[in-house]
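Residues 8 to 393 in the numbering used here are what the sequence shown spells out, letter by letter. Backbone N, C-alpha and C fix where the C-beta goes; we use that ideal spot for every residue, glycine too. What follows is a single structure, written as structure tokens, with notes after it.
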Amino acid sequence: MSTSSDAEPKSQAGGDGAQARGDGARPLPPWAPAAALSGAEYSAVELAQGDDRVFLLDQRDLPERERYVTVTDVAGVAEAIRAMVIRGAPAIGIAAAYGMALAARAARNEGAAEYVAALRAAAERLASARPTAVNLGWAVRRAVATALEHAARRGEERARDLAELARAIHREDVAACRQMGRTGAARLPESGTILTHCNAGALATGGYGTALGVIRAAIDEGKSLRVLACETRPYLQGARLTAWELQRDGVPVEVISDSMAAWFMQKGEIGAVVVGADRIARNGDVANKIGTYGLACLARHHGVPFYVAAPWSTIDLATESGASIPIEERSSDEVAVVGGRRILPAGVPARHPAFDVTPAELVTAVFTERGKLSPREICRSVPPSA
Numbered sequence: 008m009s010t011s012s013d014a015e016p017k018s019q020a021g022g023d024g025a026q027a028r029g030d031g032a033r034p035l036p037p038w039a040p041a042a043a044l045s046g047a048e049y050s051a052v053e054l055a056q057g058d059d060r061v062f063l064l065d066q067r068d069l070p071e072r073e074r075y076v077t078v079t080d081v082a083g084v085a086e087a088i089r090a091m092v093i094r095g096a097p098a099i100g101i102a103a104a105y106g107m108a109l110a111a112r113a114a115r116n117e118g119a120a121e122y123v124a125a126l127r128a129a130a131e132r133l134a135s136a137r138p139t140a141v142n143l144g145w146a147v148r149r150a151v152a153t154a155l156e157h158a159a160r161r162g163e164e165r166a167r168d169l170a171e172l173a174r175a176i177h178r179e180d181v182a183a184c185r186q187m188g189r190t191g192a193a194r195l196p197e198s199g200t201i202l203t204h205c206n207a208g209a210l211a212t213g214g215y216g217t218a219l220g221v222i223r224a225a226i227d228e229g230k231s232l233r234v235l236a237c238e239t240r241p242y243l244q245g246a247r248l249t250a251w252e253l254q255r256d257g258v259p260v261e262v263i264s265d266s267m268a269a270w271f272m273q274k275g276e277i278g279a280v281v282v283g284a285d286r287i288a289r290n291g292d293v294a295n296k297i298g299t300y301g302l303a304c305l306a307r308h309h310g311v312p313f314y315v316a317a318p319w320s321t322i323d324l325a326t327e328s329g330a331s332i333p334i335e336e337r338s339s340d341e342v343a344v345v346g347g348r349r350i351l352p353a354g355v356p357a358r359h360p361a362f363d364v365t366p367a368e369l370v371t372a373v374f375t376e377r378g379k380l381s382p383r384e385i386c387r388s389v390p391p392s393a
């Protein structure tokens with residue numbers, strides 16, 4: 008079940024209502040302090056203080072409107088993930104963890120076997136919402152493990168266990184983003200233009216961002232950088248979300264169509280490419296938003312460093328290579344319909360793979376909270392059983 012609220016939702020009991028800034032500017036999310044948030048500080052998902060609702064910033068409406076969706080059950084969280092109310096591998100992993108907390112609350116008074124069965128069913132539903140992002144399965148597996156460990160408990164203790172775990176996953180992600188930001192910042196040039204694709208910022212994570220976290224950290228260290236954001240057809244995450252975040256932070260940003268990237272590299276205007284990831288295979292192959300592979304090919308041809316920033320939870324050691332990563336195929340209408348108008352001739356179909364796979368040999372380095380790795384170092388960093 009879900010509900011939504013527009014720009015100024017009314018406050019609710021318990022302090023979970025949205026708060027408006029005193030200067031009459033935009034309202035804040037329901038969980039925010041009464042102060043303006045920068046793009047880096049924004050969180051797209053949060054569990055209510057009473058552990059009975061999840062708040063989501065509806066990213067489909069940005070930048071025109073800030074609308075907050077409230078979901079109260081697992082079905083609502085799964086649908087929000089599937090419909091891209093929330094997107095970005097780390098962010099949907101966090102949302103799924105909060106969804107598991109809602110499931111634990113709903114089943115808290117069941118017998119041990121029934122409780123575990125309810126959590127397993129919730130995990131399956133959430134994990135299938137978007138199959139390419141490995142963080143989704145990682146988060147729900149942690150939740151199921153906690154449920155099994157504490158199945159003998161009853162009532163509020165069960166619900167509290169899963170809520171505490173979900174909030175811990177959220178905190179861990181923010182800390183990971185900040186650490187990989189510091190790691191990656193050292194590799195960026197002192198000045199120049201960084202190209203990025205899709206949105207790998209605070210909106211796609213628990214906060215701060217992966218690829219945008221690297222750029223933010225570099226600017227915080229005094230580097231003079233500007234950003235070219237690929238618009239990222241068909242969902243326009245670069246144009247709508249990355250530009251929105253960076254503008255809030257005062258970072259110079261320009262948007263280009265996806266087909267323009269080669270031209271700017273040919274002109275020597277790009278100092279580095281930094282992207283996020285939805286899944287990294289054991290051999291270092293990287294699944295990310297469709298169009299990433301093409302940028303990696305262009306970067307290699309033009310001698311431009313191609314960096315990937317992702318938390319360790321995005322590395323899937325159980326998947327040998329990119330050939331085994333499931334690629335989500337989304338509705339063709341997302342390609343064929345623009346601004347509510349169908350742009351294709353009648354009877355002409357469209358294809359929409361949402362992700363592609365960049366071979367490890369095209370990746371200069373991967374930035375994680377554990378440090379900088381070459382793609383080939385990933386399989387040697389952790390034992391296969393980890």
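Within the same chain, show all residues whose beta-carbon is closer than 7 Å to that of residue i, passing over the 5 residues directly before and after it, in chain order.
| i | result |
| --- | --- |
| R127 | V151 |
| N290 | E327, S328, A367 and C386 |
| Q254 | V260 |
| A225 | A192, L195 and L232 |
| L351 | A343 and A357 |
Please return the same chain residues whose Cβ sits closer than 6 Å to the Cβ of residue i, not counting the five positions on each side in sequence.
| i | result |
| --- | --- |
| P394 | Not covered by the structure: residue 394. The range shown for the chain is 8 to 393. |
| A114 | Y122 and A125 |
| G191 | V221, A316 and F374 |
| A39 | Reliability of the predicted coordinates at A39 is poor, the pLDDT of 46 falling under 50, and no value is obtained from them. |
| K379 | T190 and A372 |
What is the DSSP secondary structure of residue i, counted as helix, strand or coil?
| i | result |
| --- | --- |
| T190 | helix |
| C237 | strand |
| V92 | coil |
| E164 | helix |
| E376 | coil |
| D180 | helix |
| D80 | coil |
| R387 | helix |
| D59 | coil |
| S381 | coil |
| T139 | coil |
| P311 | Here the sequence assigns Val to residue 311, which means Pro is not the residue at that position. Coil. |
| G208 | strand |
| E73 | coil |
| A43 | No answer about A43 holds up, because its pLDDT of 43 lies below 50 and its placement is not dependable. |
| P97 | helix |
Would you call residue i buried or exposed, if buried means 16 or more other Cβ atoms sit within 10 Å of its Cβ?
| i | result |
| --- | --- |
| M187 | buried |
| M308 | Note on residue identity: the sequence assigns His, not Met, to residue 308. When all chains shown are included, H308 counts as exposed. |
| N142 | buried |
| G106 | buried |
| A325 | exposed |
| K296 | buried |
| N116 | exposed |
| R349 | exposed |
| A355 | The amino acid at residue 355 is misidentified as Ala; the sequence shows Val. The residue is exposed, with fewer than 16 neighbouring Cβ atoms inside 10 Å. |
| E376 | buried |
| G213 | buried |
| G310 | exposed |
| L155 | exposed |
| R178 | exposed |
| A96 | buried |
| E73 | buried |
| S381 | exposed |
| A134 | buried |
| D256 | buried |
| K159 | For clarity, residue 159 is Ala in the given sequence; the question names Lys instead. A159 is exposed by the Cβ-count criterion. |
Using beta-carbon positions only, say whether residue i and residue j come within less than 8 Å of one another.
| i | j | result |
| --- | --- | --- |
| L63 | A82 | no |
| A90 | L54 | no |
| V52 | A120 | no |
| T203 | A218 | yes |
| W364 | D292 | A quick correction: the sequence has Val, not Trp, at residue 364. Yes, Cβ-Cβ distance for V364 and D292 is below 8 Å. |
| R112 | D59 | yes |
| G278 | T200 | yes |
| P333 | A183 | no |
| I176 | R137 | no |
| M272 | A306 | yes |
| T299 | V282 | yes |
| T77 | R286 | no |
| E171 | P241 | no |
Enumerate in chain order the residues of its own chain whose CB-to-CB distance from residue i is below 8 Å, with the five nearest sequence positions on each side excluded.
| i | result |
| --- | --- |
| E336 | R358, H359, P360 and A361 |
| W145 | G100 and S320 |
| R174 | L54 |
| A102 | V52, V61, L63, V84, A87, I88 and I93 |
| R383 | N290, G291 and A367 |
| G162 | R115 and N116 |
Since residue i and residue j are thought to touch, with beta carbons under 8 Å apart, how far apart are those beta carbons, to the nearest angstrom?
| i | j | result |
| --- | --- | --- |
| A250 | A268 | Contact doesn't hold; Cβ gap of about 16 Å is too wide. |
| A288 | S331 | 7 Å |
| V147 | A130 | 4 Å |
| V401 | A284 | Past the boundaries of the shown model lies residue 401; the chain is included only from 8 to 393, so the question cannot be answered. |
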